[in-house]
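**Student:** Here it is, the structure, as structure tokens.
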Amino acid sequence: MPELVTHAIAGCLLARRHLVLVFVGALLPDLLTRIPNALFSFLKIAGGEDWVRPLHSPVPLVLVALLLSFLFDSSIRRQVFSALMLGIMSHLVLDFFQRRTPDPGWQIVPERGYQWLFPFSQFDFQFGLYGPEASLLLLPLTVPLLAWYLWTCRKRHG
Amino acid sequence: MTSLILILFLLCWRSFIVNSQRTAAYFSAIQDGRALTLTHFEITRVTSEDMTIQIPDGRFPLVVSPPPADAEVGDIVNLKVVKRDGVLQVTACETRKWRDLKIWISIPVILAVAWLFGRRYRFAGKQGSFLPQQRGEHA
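So, in structure tokens, the structure goes:
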């Protein structure tokens, strides 16, 4: 995964309305899996990671977005769902293009991948364009670019 | 809502069952020399000749050699291996030295988004749901 700053930036670039909810959606896959994983690793709970892994897969994330949208008033529920899904999709697209093995390019990840097709298939794959920490090294460039983007948006829309 | 929670729980349970078997099968394939890639392993022991790596939750320890020059206990690595003369030989290794920084950098983002959420939405106790804040009204 790229770190959450880059995920938030990607969400921000896509969002037209409900920016905060797009942010939440963009962070959601990692919040639902990395935090429990860190806890399982710390407590040495074997196999705990396997419980939460589907919460980084598209189909269960649609259900999570649906579930969260039920926490909002019915008048905005549909918009909330769309905004969350937009953020989630931006997250998954960024992760799809990240390398999981030392070699770049098309990768079949037979063990401990993102399970894109769960629960229909266990076939795991991704297209590795950049390393897992590449986005971190690009932050000095992406953060000013975002600031510039927000500034121009604000100027345009008053 | 209850149905959704139940479906999600069943999906997680299915993942636990399927992945426990799948991971065990994959590791026996590694030990037989039939599989090549290992992602997100933690180094738990390192010497000049070999190192022990395992899933961070403590499962499937494997001895591979040679360790990368900068390997330290606690590092997370992605690697490729091949079995030669009964030993798992590392052919490519990527040490994720910046991983911790990535985690620390993410914490302020989570806090900032939580703060923005609190400014933008409020929980209406009567309706039992979140509503957008009215203009000029803040949590």
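Listed in order, the protein sequences are those of chains A and B. Count along the first sequence from 1, then add 11; that gives the number in our numbering. Count along the second sequence from 1, then add 305; that gives the number in our numbering. We put the CB at the ideal spot given by N, CA and C, even for glycine. For clarity, every value in this text was computed on a predicted model and none was experimentally measured.
1. Residues in the same chain with beta-carbon distance under 6 Å from Leu24(A), minus the five sequence neighbours each way, listed in chain order, please.
2. Can you tell me the Cα-Cα spacing of Val323(B) and Trp117(A), whole angstroms?
3. Closer than 9 Å, CB to CB, is Asp106(A) near chain B or not?
4. Taking the C-alpha atoms as reference points, what is the distance between Ala374(B) and Arg364(B)?
5. Taking just the CA atoms, how far does Arg319(B) sit from Asp61(A)?
6. Please name the residue, chosen from Leu42(A), Lys55(A), Pro47(A), Phe92(A), that lies closest to Val73(A) on a Cα-to-Cα basis.
7. Who does Phe83(A) pair with in a DSSP beta bridge?
8. Residues of chain B with CB closer than 7 Å to the CB of Ala57(A), please, in chain order.
9. With burial defined as no fewer than 16 other Cβ atoms inside 10 Å of the residue's Cβ, what is the status of Leu384(B): buried or exposed?
10. Please report the residue range of the alpha helix (DSSP H) in which Ser370(B) lies.
11. Can you say whether Tyr125(A) is buried or exposed, counting buried as having 16 or more other CB atoms within 10 angstroms of its CB?
12. Exposed or buried, Ala329(B), counting other C-beta atoms within 10 Å across all chains shown (16 or more means buried)?
13. May I ask you to list the residues that DSSP assigns as paired with Glu347(B)?
14. Looking only at its chain, what residues have a beta carbon closer than 8 Å to the beta carbon of Arg350(B), apart from the 5 residues adjacent to it on each side?
15. Taking the C-alpha atoms as reference points, what is the distance between Ala376(B) and Met100(A)?
16. Can you name, in chain order, every residue of its own chain whose Cβ lies under 7 Å from the Cβ of His345(B), other than the five neighbours on each side?
17. Output yes if chain B places a C-beta closer than 9 Å to the C-beta of Gln126(A); else output no.
18. Mind checking Ala158(A): buried by the 16 CB within 10 Å criterion, or exposed?
19. Please list, in chain order, all residues of the same chain as Val63(A) whose beta carbon is under 6 Å from its beta carbon, the five residues on each side excluded.
20. At a threshold of 8 Å, does Lys55(A) count as lining the ligand FMN (C-beta to nearest heavy atom)?
21. Quick check on Val368(B): buried or exposed, where buried means 16 or more other Cβ atoms within 10 Å of its Cβ?
22. What is the DSSP secondary structure of Ala49(A), reduced to helix, strand or coil?
23. So what's Tyr426(B) in DSSP terms, helix, strand or just coil?
24. Use the C-beta contact count for Lys494(B): other C-beta atoms within 10 angstroms, 16 or more gives buried, fewer gives exposed.
25. Does the separation of the CB atoms of Leu161(A) and Gly98(A) fall below 9 Å?
26. According to a CB-to-CB cut-off of less than 7 Å, which residues of the segment 417–432 of chain B neighbour chain A?
27. Over what stretch of residues does the beta strand (DSSP E) that includes Ala397(B) continue unbroken?
28. Quick one: measure Cβ to Cβ for Pro65(A) and Leu103(A), integer angstroms, because I've assumed they're closer than 8 Å.
**Tutor:** In short, the structure shows the following:
1. Cβ neighbours of Leu24(A) beyond the five flanking positions: none.
2. Between Val323(B) and Trp117(A), the alpha-carbon positions lie close to 24 Å from each other.
3. At least 9 Å separates the CB of Asp106(A) from every CB of chain B.
4. Using only the alpha carbons, I get a separation of about 25 Å.
5. When rounded, the separation of the alpha-carbon atoms in Asp61(A) and Arg319(B) is 9 Å.
6. Checked all of Leu42(A), Lys55(A), Pro47(A), Phe92(A); the closest Cα to Val73(A) is Phe92(A).
7. According to DSSP, Phe83(A) bridges with Phe435(B).
8. In chain order, Asp362, Gly363, Arg364 make up the part of chain B whose C-beta sits under 7 Å from the C-beta of Ala57(A).
9. Buried is the call here.
10. From DSSP, Ser370(B) is part of no alpha helix (DSSP H) but of the beta strand (DSSP E) over 367–370.
11. With a 10 Å radius around the Cβ and a threshold of 16 neighbouring Cβ atoms, Tyr125(A) comes out buried.
12. By the 10 Å Cβ count, Ala329(B) comes out exposed.
13. According to DSSP, residue pairing for Glu347(B) in a beta bridge involves Gln359(B), Ile381(B).
14. The answer, listed in chain order, is Met356, Thr357, Val378.
15. Approximately 35 Å, taken between the alpha carbons.
16. These residues qualify, in order along the chain: Ile381, Asn383.
17. Yes, Gln126(A) lies at the interface with chain B (some Cβ there is under 9 Å from its Cβ).
18. Under this definition Ala158(A) is an exposed residue.
19. Sequence-distant partners of Val63(A) (beyond 5 residues in either direction) whose C-beta falls short of 6 Å from its own C-beta, in its chain, are Thr44, Pro47.
20. This structure simply doesn't include the ligand FMN, nor any ligand for that matter.
21. Taking a 10 Å sphere around the C-beta of Val368(B), we find fewer than 16 other C-beta atoms and assign the residue as exposed.
22. The answer is helix: DSSP assigns Ala49(A) an H, G or I state.
23. Strand, per DSSP.
24. Nothing can be reported for residue 494(B), as the shown portion of chain B is limited to 306 through 444.
25. No; because the gap between Cβ atoms is not below 9 Å, this pair is not in contact.
26. Under the 7 Å Cβ criterion, the segment 417–432 of chain B contributes Val418, Leu421, Phe422, Arg425, Gln432.
27. Where Ala397(B) is concerned, the enclosing beta strand (DSSP E) stretches over 392–400.
28. Taking 8 Å as the upper bound for CB-CB distance, Pro65(A) and Leu103(A) are not in contact here, some 13 Å apart.
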